[in-house]
Amino acid sequence: MIPFDFQPRTRIVFGPDSLQQLGPLARELGASTALVVSDPGVIHAGHTQKGLDCLEEAGVQAVLFDGVQENPSTVNVAAGVAFAKEHKPDLIVGLGGGSAMDCAKGINFLLTNGGEMKDYWGVGKATQEMLPMIAVPTTAGTGSEAQSFALITDAETHVKMACGDKKAACRIALLDPQLTITQPRTVTALTGIDAISHALETFVTKKRNEVSLAFSREAWRLLAANYTKVLAEPENLEARGAMQLGACFAGMAIENSMLGAAHALANPLTAHYGIVHGQAVAVMLPSVIRYNGEAFNVMYRDLLSVPVDVPGYPSIEQGAYGLADLVQSWVDQAGLATNLGQLSINGEKLAAMSTDAAKQWTGHFNPREVDAGEFSKLYQAAMH
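Counting the sequence shown from 1 gives a position; the numbering used here is that position plus 1208.
Now the structure itself:
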């Protein structure tokens, strides 16, 4: 029996065209001025303007901060805070992928609590209440809309800081699968594999519990059945909706059980080589599943008892090894690199990356104990 403390703070509104509800929902939260945080790609796709229009139509003044980059840094957050101070919003809307939502949360931390981002590295460091937030994800990936963590990169050290506080949880997650149809195929592939990694890692962590397992299981069912489908049929709204909901449920699982070694290994690849997060996770995940399977195969067999109708779905008996092969085949079908060699990474920075991986918070929750030595072996296993 594993104790848990389940604090659902986020209302989830899901369905095609639910973006139309953004204005009325903002009014419900008592907003008169909303800071909309978005990124150039989402603005270019036209989604941001629709969001701004919905707010204005409901009588909420909307101001746009567009200075978000992939893996948002302390520089992006600082610029957003300066912009927010000029406009004095009483609501923040994160409209975009994980980067826009993370940046919006980061801005909220500093706007309401002051200081610098590193002051909130860890859990529960905010002392003041924060502004209400609405998250409108345009990708099916991070599940950031369902989490109280902001992932912000230190612009000087390139270290990814996980800043978590229940006060930073979004009041509302607005899931409109229509918004995910415009994603380029590569973005669909990268964000989708990230969501799948969340379902798989949360299912086996040391902190897993009845609540997180329910979300991990349902996330896996939705994501595993639809990942190759959205790549083959990008306009398939049912499949897009399933991916978006699966990513959100996986985010709720993270909120209640944390992540594992694949994420600890991925972050140094981003910091040292600039490998995008989804690709870094995709290349490490199969090795981690096999590694954990040596000691915790029963957990992976349990997950495979969830029936999913896709080609090559492993039998329960195949366990972790069958699952790792399945994930690797998906990564390959998506056109992503399946080993570090394909990313032109050899062993030259192996020691530094392994040391960095050992410092990552998520590694502590991996079911098998991992240290720099084990991380080094995992990187080597993913070389070819």
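Note that CB positions come from ideal geometry on N, CA and C, so glycine has one too.
How big is the Cα-Cα spacing for residue 1313 and residue 1525? 43 angstroms
Does the beta-carbon distance from residue 1595 to residue 1338 come in below 8 angstroms? Because the chain spans 1209 through 1592 in this model, residue 1595 falls outside it and cannot be assessed.
Which partner residues does residue 1180 have in the DSSP bridge list? Outside the displayed span of the chain (1209 to 1592) sits residue 1180, for which this structure offers no information.
Kindly indicate the opening and closing residues of the alpha helix (DSSP H) around residue 1585. Where residue 1585 is concerned, the enclosing alpha helix (DSSP H) stretches over 1580-1589.
Less than 8 angstroms between the beta carbons of residue 1237 and residue 1297, yes or no? no
Less than 6 angstroms between C-beta atoms, sequence neighbours within five positions excluded: which residues of the same chain meet that for residue 1505? Excluding sequence neighbours, residue 1505 sits near 1527 and 1528.
Using a Cβ-Cβ distance cut-off of 8 angstroms, determine whether residue 1424 contacts chain D. Included in the structure is just one protein chain, with no chain D present.
Could you check how far apart the C-beta atoms of residue 1245 and residue 1286 are, in whole angstroms? I think they sit under 8 angstroms. Their Cβ separation, rounded to whole angstroms, is 13 angstroms, which puts residue 1245 and residue 1286 out of contact at 8 angstroms.
3 or more residues per run - each beta strand (DSSP E) lying fully within the stretch 1380-1407: 1380-1383
I believe residue 1522 touches residue 1531 by the beta-carbon criterion, under 8 angstroms. Please report the beta-carbon distance rounded to the nearest angstrom. 6 angstroms
Take residue 1382 as the anchor and find which of 1403, 1374, 1357 and 1353 has the nearest alpha-carbon. Of all alpha-carbon atoms in 1403, 1374, 1357 and 1353, the one lying nearest the alpha-carbon of residue 1382 is that of 1353.
By Cβ distance below 6 angstroms, which residues in the same chain neighbour residue 1469 in space, the five residues on each side in sequence not counted? These residues qualify, in order along the chain: 1496, 1571, 1574 and 1578.
Nearest to residue 1432 by alpha carbon, out of 1535, 1444 and 1306? 1535
Taking the alpha carbon of residue 1276 as the point to measure from, which residue in 1254, 1305, 1391 and 1355 has its own alpha carbon closest? 1305
Buried or exposed (CB count within 10 angstroms, at least 16 for buried), residue 1564: Classification of residue 1564: buried, given that the 10 Å Cβ count is 16 or more.
Give the straight-line distance between the Cα atoms of residue 1379 and residue 1283, rounded to the nearest whole angstrom. Using only the alpha carbons, I get a separation of about 26 angstroms.
Indicate whether residue 1410 and residue 1356 have their beta-carbon atoms separated by less than 8 angstroms. Their beta carbons are not under 8 angstroms apart, which means residue 1410 does not touch residue 1356 by this criterion.
If we count the other Cβ atoms within 10 Å of its Cβ and call it buried at 16 or more, is residue 1368 buried or exposed? buried
Hey, how far is the Cα of residue 1360 from the Cα of residue 1325? C-alpha separation (whole angstroms): 8 angstroms.
May I have the straight-line CA-CA distance separating residue 1316 from residue 1576, to the nearest angstrom? 36 angstroms
If you follow the alpha helix (DSSP H) that residue 1293 is part of, which residue opens it and which one closes it? 1282-1295
Is DSSP giving residue 1361 helix, strand or coil here? strand
Pair every Cβ in the stretch 1386-1402 with every Cβ in the stretch 1213-1232, then say whether three or more of these pairs are closer than 8 angstroms. yes
Distance, residue 1263 Cα to residue 1400 Cα: 29 angstroms
Considering just the uninterrupted stretch of the alpha helix (DSSP H) at residue 1338, what are its terminal residues? It is not in any alpha helix (DSSP H) - residue 1338 carries neither H nor E in the DSSP assignment.
I think residue 1373 touches residue 1489, with their Cβ atoms under 8 angstroms apart; what is that distance to the nearest whole Å? With a Cβ gap of about 24 angstroms, residue 1373 and residue 1489 do not count as contacting.
Which residues mark the beginning and the end of the alpha helix (DSSP H) in which residue 1535 is found? 1527-1541
In the structure shown, what three-state DSSP assignment does residue 1314 receive? helix
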